[in-house]
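Reminder that position 111 of the sequence shown reads as 1324 in this note's numbering, one-by-one numbering, no gaps.
Here a beta-carbon is modelled for each residue, glycine too, at the ideal position from N, C-alpha and C.
Owing to the predicted nature of the structure, the values given are computational and were not obtained by experimental measurement.
All remarks here apply to the structure that follows.
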Amino acid sequence: MEKSIETIWKNGFVDSQALIAPKLNNLYNQKSQDIVEKFKRMFKLNLWGLVILSAIMLPVSFALHMPYMGVPFFIIINLTVFINYRLSQSLGDLDKSTNSYEYLLSFHNWMQKQIHINAQLSRILYPMIFLSMIAGMWFLDFNGQTMGIKLTQKLLDSFPTLHLTYGIPTVFWAGLAVICAVMFVLGGKIYTLDLKIVYGRLLQKLDEIMADMEALRKEADTHP
């Protein structure tokens, strides 16, 4: 008695009990696990890279007299690492004993959750990073006087009627507000772009395999 490949996929979706196509079964199982394991390795390396970067930037920022940039950077980066580390813990809950489709589907759902959380988080973190950079330059000390004060004095020399708010040009506050608002709105899209740069090829492979599996499932449903 023969079974079509569509029937095999329909009955358990690469059923480990199906003896008619063990190579196909092993192939998709291996591909599924390879993608997830590769992502885990890349994800872990990226988190460690961020930790190392923050550890280097903190003392360097003090050496350059820019602690107002270095300290917020350190906090923001490590907060991001902590949140993503906690998210990565749930990857261990993926059940490898399920068929390859269910396994990849679980991973795909986890990815969507991770992307959503980080995209929302980026709407806050990107403006914070921008503000910390501005603060680092504004309070940078030059011979006992900060760059911000020097800049304000030069502007007042050219525009004596320049309005100040808390000793800082009001137009400067307005510019910061506009830029931060734009970054808040576009933060999710910026994160998605960053994600594609780092994990683009891996996510493409995931989408391709998921599409192949979905196509086979549909064929199996239409040809019982």
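Note the first and the last residue of the continuous alpha helix (DSSP H) segment covering residue i.
i     : result
M1350 : 1313-1351
D1370 : 1360-1371
S1301 : 1280-1302
Confirm, please, whether the CB-CB distance from residue j to residue i is below 8 Å.
i     : j     : result
I1381 : T1365 : yes
L1408 : I1330 : no
M1279 : L1353 : yes
Y1298 : L1260 : yes
V1284 : L1263 : no
G1349 : S1274 : yes
H1321 : L1389 : no
L1307 : V1384 : no
M1346 : M1282 : yes
L1317 : S1245 : yes
T1378 : W1386 : yes
Tell me, which residues are paired with residue i by DSSP?
i     : result
P1382 : L1377
D1354 : T1359
If you pair each beta-carbon of the region 1393-1403 with each one of the region 1329-1343, do three or more pairs fall below 8 Å? Under the 8 Å Cβ criterion, the region 1393-1403 counts as touching the region 1329-1343, having at least three qualifying pairs.
The region 1251-1267 contacting the region 1283-1290, beta-carbon criterion three pairs below 8 Å: Yes, since at least three Cβ pairs between the region 1251-1267 and the region 1283-1290 fall closer than 8 Å, the two stretches touch.
Any chance the region 1353-1363 sits against the region 1409-1417, with 3 or more Cβ pairs inside 8 Å? The region 1353-1363, when compared against the region 1409-1417, does not touch it at the 8 Å Cβ threshold.
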